[in-house]
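Working notes for the structure below.
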Amino acid sequence: MSGRLRAISLRILQAVPVVIGVVVISFVLTRALPGDPAVYFAGPAADEASIAQIRKELGLDRSWPEQFAIYVGALLSGDLGKSLSTGQPVLSDLATRLPASLELTLVSLLLACAIAIPLGVLAATRPGSWIDHLCRILVTAGVSLPTFFTGVVLIYVFYYLLGFAPSPLGRLDFIYIAPPATTGFYLIDAAIVGDWSTWAAALRQLVLPATTLALFTLAPIARMTRAAMLSALSADFIRTARAAGLRGRTVLFAYAFRNALLPVVTTLGMVFSFMLGANVLVEKVFAWPGVGSYAVEALVVSDYAAVQGFVLAMALLFVALNLLIDLIYSLIDPRIGFSAQ
Amino acid sequence: MTEAMHEPPRSRSTLDHALYVLRDNPVTLIAFAMFALLLFMALFGPLVAPYDPLASNTDVALKPPSAAHWFGTDNLGRDVFSRVLVAARLDLMISIAAVALSFIVGSVLGAAAGYWGGWIDTVLGRLLDTIMAFPLFVLAMGIVAALGNSVENIIYATAIINTPFYARLVRAEVNIRRNAGFAQAAKLAGNSDLRVLAFHIFPNALPPMMVQVSLNLGWSILNAAGLSFIGLGVRPPTAEWGVMVAEGANFIVSGEWWVALFPGLALMFAVFTFNLLGDGLRDIVDPRQRT
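Sequence lines, in order, name chains A and B.
My numbering runs 341 ahead of the 1-based position in the first sequence.
My numbering runs 305 ahead of the 1-based position in the second sequence.
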């Protein structure tokens, strides 16, 4: 087990310079504002005196290293600045809106995996069949689809034409009351208090945006699953297992699939990078009250502290997700830690 | 001398291979035809457009497709077909400029890091890792917000998030050939480091780079259209596919589908073309990576 522990702690250590780099870049972004940042942070109605005061508050009259030290100090105490449009600290704004985004992202990731992984496995076991062609079409179309356009088309078909879906405005229809916040995930919160009509309403709102995001996400996952399964199935140990007379099912799942899962887990990192970006577009289309639409609203009114806070928060979230993926990898990789047992 | 003797058969076999792949895979041929259509739209779109893309005419606002207006009209009575045609130039220009910038910057940085190694390599590697540590679309949003909301800054932001892919590719290709026989021979023949790097080693990286360029163009168009969809960069009333989908999205809930559908389809067509082209080029350049 010590080999696995050492690998895990080494991986956590490797995340430290990345986090430092992310903080440096986001500092440069906050100081690269066109013109005088103090003018922007002071707001449009500010006069000379208040701009000078803001400049002093932000420490803009000091040297760059000093400014960076102040910035890092503020970050460590959780201060991302104040949003001009809401008047609240950016951190609390982000915290109240993050569960909505996470619920959407996680549900669509689960949906995408539930479709893409079986599809990729089936396509790899039956090359040249109709399911292989279906997989190839989905993969090529999936990466060519602009997420915001897919969302608009789905709204037209399922809301306007067929009337299956509720109006695409937020997480819950206005006739329902949001469940008491425990986790911030409406599906979980409603289930906790046993309010199943709210649960169903929240699910109905979630289906279209989650499908939009999943359609975009399943392409890279299906592509990777198919390629990884193909290369695993052509490996020598599979031939040996078959020759030894193991059942087809055992060979497929216990031998090939377990090994094919490793590159798929690795691609999840890249998938998350795309998802966190596509999330912004999907939230805008469906008026989903998450961090993405918060950033878009802030952009429209030039609320820079909110935008930069969002960028930094997403980057840190992405670093954390990548770390988590690598840790999962080291847990499921049969080669790590076996020598020490 | 030896190079001159070896060159003709090699290029002929490459051409033969290209023709073989094209015959074998008609999809690539279709992709080239689609690309030609896109180029035609970008070059001659404003000339062949039947209406002025900016002229509003409220008498015919929000009319469905008809013989006079093939793709219908939008809320200001502008002809959607003309706007989709004219937008091709702007969308292609943004993505080509962004990809060209990242190609050049990525090549220079990657070649220097791969050839000389040392601190250049370490610093560049750290910088690229940091850029890749951001979700790329979100980083592009942050860059445009910081630099200012304009079309040039969309191009710079897209170029910055694309650069790591090129720099890493060139670095790897240059690094494995740094001490190859032909590079050492060129050095011994009296060529300077810079000359060996630029004319002997770097050209080997070009084939995989072309594949990357093609796949990247599609992604850059999506990225730029996404940014203008959320209100960054290109602004109304300029005709651009992302902006047009954003405008059309307001009318989709009342059933006017044509305002958003046609620019969206044009966008998909462009991205699909570059992806097909990239896959086809990869089959020609590197048959081992065929999927």
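Think of the CB as a built atom: it goes at the ideal place given N, C-alpha and C, for glycine as much as any other residue.
Since this is a predicted model, take the numbers as computed values, not measurements.
- Non-local C-beta neighbours of F442 of chain B in its own chain, meaning closer than 7 Å and more than five positions away in sequence, comprise N528 and G531, ordered along the chain.
- Between the stretch 550-565 of chain A and the stretch 484-495 of chain A there are three or more inter-stretch CB-CB distances shorter than 8 Å, so the stretches are counted as touching.
- Note on geometry: alpha-carbon atoms of L499 of chain B and L586 of chain B lie some 29 Å from one another.
- By the rule that beta-carbons nearer than 8 Å mark a contact, G618 of chain A touches chain B.
- Cβ proximity to chain A below 7 Å picks out G560, W562, A565, G569, L572, M573, V576, F577 and N580 from the stretch 559-593 of chain B.
- Beyond the five residues adjoining it in sequence on each side, R394 of chain B comes within less than 8 Å, by CB distance, of M346, A347, L348, G350 and P351 in the same chain, given in chain order.
- Of the residues assessed, K397 of chain A falls on the exposed side of the cut-off, its CB having fewer than 16 other CB atoms within 10 angstroms.
- Of A:L421, A:L528, A:A573 and A:A348, the smallest CA-CA separation from L447 of chain A is found for A:L528.
- Of all C-beta pairs linking the stretch 555-569 of chain B to the stretch 477-486 of chain B, fewer than three are shorter than 8 Å, placing the two stretches out of contact.
- Out of B:T333, B:V391 and B:D321, the CA that lies nearest to the CA of P542 of chain B is found in B:V391.
- Interface with chain A (8 Å Cβ-Cβ cutoff): G531 of chain B is included.
- It is roughly 21 Å from the alpha-carbon of G511 of chain A to the alpha-carbon of W562 of chain B.
- Within chain A, the residues L370 have their CB atoms less than 8 Å from the CB of I448 of chain B, given in chain order.
- T566 of chain A is outside the set of residues whose beta carbon lies under 8 Å from a beta carbon in chain B.
- Around I516 of chain A, the same chain offers no residue with a beta carbon nearer than 6 Å, after the five sequence neighbours per side are excluded.
- Between the alpha carbons of A386 of chain A and D434 of chain A lies a distance of about 23 Å.
- For P358 of chain A, the residues of chain B that pass the 9 Å Cβ criterion are R431, D434 and T435, in the order they occur in the chain.
- For G469 of chain A, no CB of chain B lies under 8 Å from its own CB, so it is not counted at the interface with that chain.
- Neighbours of A656 of chain A across chain B, judged by C-beta separation under 8 Å: A438, F439, P440, V443 and L444.
- T446 of chain A carries a helical assignment under DSSP once its states are collapsed to helix, strand and coil.
- Residue-level contact check: A554 of chain B touches chain A, since one or more beta carbons of chain A fall below 8 Å from its beta carbon.
- What V456 of chain B touches in chain A, judged by beta-carbon distance under 7 Å, is nothing: the nearest beta carbon there is about 15 Å away.
- In the three-state DSSP reduction, D384 of chain B falls in the strand class (E or B).
- Rounded to the nearest angstrom, the gap between the Cα atoms of G523 of chain B and F579 of chain B is 5 Å.
- Excluding sequence positions up to five before and after D420 of chain A, its CB lies within less than 8 Å of the CB of P430 and L432, all in the same chain and listed in chain order.
- When secondary structure is reduced to three states using DSSP, P369 of chain B falls in the coil class, being assigned neither helix nor strand.
- In this model, V479 of chain B and I466 of chain B are separated by some 22 Å (Cα to Cα).
- The three-state reading of DSSP puts P568 of chain B in helix, counting H, G and I together.
- Under the Cβ distance rule, L334 of chain B does not count among the residues neighbouring chain A, no pair being separated by less than 8 Å.
- In the three-state scheme derived from DSSP, where H, G and I count as helix and E and B as strand, T378 of chain B is classed as strand.
- At a cut-off of 4 residues, the continuous stretches assigned as alpha helix (DSSP H) that sit fully inside the stretch 406-470 of chain B are 423-437 and 441-452.
- Counting of Cβ neighbours within 10 angstroms places I436 of chain B among the buried residues, the total reaching 16 or more.
- L444 of chain B and A438 of chain B have their C-alpha atoms roughly 10 Å apart.
- Non-local C-beta neighbours of P520 of chain A in its own chain, meaning closer than 7 Å and more than five positions away in sequence, comprise Y527, D530, A531, V534, D536 and T539, ordered along the chain.
- A Cβ-Cβ contact shorter than 8 Å links G633 of chain A with K625 of chain A.
- Residue environment: H374 of chain B is assigned as buried (16 or more neighbouring CB atoms within 10 Å of its CB, all protein chains considered).
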